[in-house]
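First up is the structure itself, then whatever we jot down about it.
There are 2 protein chains.
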Amino acid sequence: MKQGLLTDRQKEVLRYRKKGLTQQQIAEIIHTSKANVCTIEKAALENISRARETLEFLYTLDAVHLCTLKSGLDLLKAPEYIYTEAEKQGLKVKYDTISLINRLRDANPERFRGRQVREDVEIYINKDGDLYFG
Amino acid sequence: MKQGLLTDRQKEVLRYRKKGLTQQQIAEIIHTSKANVCTIEKAALENISRARETLEFLYTLDAVHLCTLKSGLDLLKAPEYIYTEAEKQGLKVKYDTISLINRLRDANPERFRGRQVREDVEIYINKDGDLYFG
DNA sequence: GTAAATTTAAACACTTTCCCTTAACCCATC
DNA sequence: GATGGGTTAAGGGAAAGTGTTTAAATTTAC
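Top to bottom, those sequences are chains V and B. Reminder that position 89 of the first sequence reads as 89 in full-length UniProt numbering, one-by-one numbering, no gaps. Reminder that position 58 of the second sequence reads as 58 in full-length UniProt numbering, one-by-one numbering, no gaps.
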């Protein structure tokens, strides 16, 4: 009946790291090699990613692929495109134009540069008109 | 580089479950016993909990250890204790007595039996007076 | 109350993770 | 070039997780 994904060792390292200690310093404190500290920290971050991905999956459970925003697309043209695709499936998007643009950018800021889509964004929709991105 | 926490088997079961199938029906579809479907589903839900707890931990990273609820403590005496400790650190807890007790029990139900603390619970607090448990 | 659905326990092979060591490599800066 | 911080690779032993079966127990529904 484990608690989280992170082991005690991993949490320990993350806490010291948060305080600004170097891997070498931590290694001395917990009596091991700096290589080991590096490995432990890496594993911890890996586990955190996996935790995020796991919860992401839950959204796709009741969502359906709607469309793809292709790289290069003007962000301002995305809402109309999305509305059209949703209508084809008889679904009503939950967000108005402004909210939708904000939600797109907030969800993954690194995928947009100014008004342009930098890399393909997959759009998923559920019955409530909620949107998810992958 | 594993993706999420959930195995393919677990995702498969969750998807069928979402569609409303019984464990028996799923067992027939994926050619195994219903007991096994149960185990797999349970493991999947367990993994989802663990994913949530893992991300919870991140909050405690910029939180500070406030105190420890020792095993055997009366749950109803916890709030006053916590308020006192917070005051010592010049922090104001975000929750009133009732909310605090509910939050404690909701956060990890398995650590409380009736009014009693079953095993030590570490209390963390951040600058906003938010509480986290570890 | 009976049948169906779900849960639990124990045991088993198999795979994976975890922590650790050693040794090497990258990349700044001095 | 040396120093400090970080990363990577290979390997080993202990521990934990996964899927499975079988069998029993418990909850839910009609």
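A virtual CB, placed ideally from N, CA and C, is assigned to each residue, including glycine.
Host alpha helix (DSSP H) of residue i (start-end)
i: Val37/V; result: 34 to 61
i: Leu14/V; result: 8 to 18
i: Leu91/B; result: Run containing Leu91/B: none; DSSP gives neither H nor E here.
i: Asp96/B; result: Here Asp96/B belongs to no alpha helix (DSSP H), and DSSP marks it neither H nor E.
Beta carbon proximity, residue i to chain V, threshold 9 Å
i: Gln3/B; result: yes
i: Ala51/B; result: yes
i: Phe112/B; result: no
i: Lys34/B; result: no
i: Lys18/B; result: yes
Residue i: contacting residues in chain V (beta-carbon distance under 7 Å)
i: Phe133/B; result: Ordered by position in chain V, no residue passes the 7 Å Cβ test against Phe133/B, which lies about 10 Å from the chain.
i: Leu14/B; result: Leu61
Strand pairing of residue i, partner residues [DSSP]
i: Leu69/B; result: Val121/B
i: Asn126/V; result: Ala63/V
i: Gln24/B; result: Partner(s): none; Gln24/B has no beta bridge.
i: Asp74/V; result: Gln116/V
Given residue i as reference, the closest of the options once Cα atoms are compared
i: Val93/B; options: Ala51/B, Asp74/B, Tyr124/B; result: Tyr124/B
i: Arg50/V; options: Asn36/B, Thr7/B, Gln89/B; result: Thr7/B
i: Gly30/V; options: Lys11/V, Asn47/V, Leu45/V; result: It is Ile, not Gly, that sits at residue 30/V in the sequence shown. Measuring from the Cα of Ile30/V, the nearest candidate turns out to be Lys11/V.
i: Arg118/V; options: Asp62/V, Thr68/V, Gly4/V, Asp128/V; result: Thr68/V
i: Leu61/B; options: Leu131/V, Gln3/V, Arg15/V; result: Arg15/V
i: Asp96/V; options: Arg115/V, Asp130/V, Val64/V, His65/V; result: Asp130/V
i: Leu76/B; options: Gly114/B, Phe133/B, Lys127/B, Leu5/B; result: Gly114/B
i: Glu56/B; options: Gly90/V, Thr54/V, Gly4/V, Thr84/V; result: Gly4/V
i: Leu58/B; options: Ile48/V, Val121/V, Gln116/V; result: Ile48/V
i: Val37/B; options: Ala44/B, Phe112/B, Glu46/B, Ala27/B; result: Ala27/B
i: Glu85/B; options: Glu46/B, Lys34/B, Asn126/B, Arg105/B; result: Asn126/B
i: Gln116/B; options: Arg9/B, Thr39/B, Lys70/B, His65/B; result: Lys70/B
i: Leu66/B; options: Ala78/B, Arg9/B, Asp74/B; result: Ala78/B
i: Tyr81/B; options: Leu100/B, Val64/B, Ala63/B; result: Leu100/B
i: Glu41/V; options: Thr22/V, Arg111/V, Thr54/V; result: Thr22/V
Partner residues on chain B for residue i, Cβ-Cβ distance less than 7 Å
i: Thr54/V; result: Gly4, Leu5, Leu6, Asn47, Ile48, Ala51
Any C-beta of chain B under 9 Å from that of residue i
i: Asp130/V; result: no
Cross-chain neighbours of residue i in chain B, by beta carbon under 9 Å
i: Arg115/V; result: Going along chain B, no residue has its Cβ under 9 Å from Arg115/V, so there is no contact; the nearest lies around 32 Å.
Start and end residues, beta strand (DSSP E) containing residue i
i: Leu131/V; result: 131 to 133
Contact list for residue i against chain V, beta-carbon separation under 9 Å
i: Lys11/B; result: Phe57, Leu61
Residue i Cβ short of 8 Å to the ligand ADP heavy atom set
i: Gln23/V; result: For the ligand ADP, the structure offers nothing, since it holds no ligand at all.
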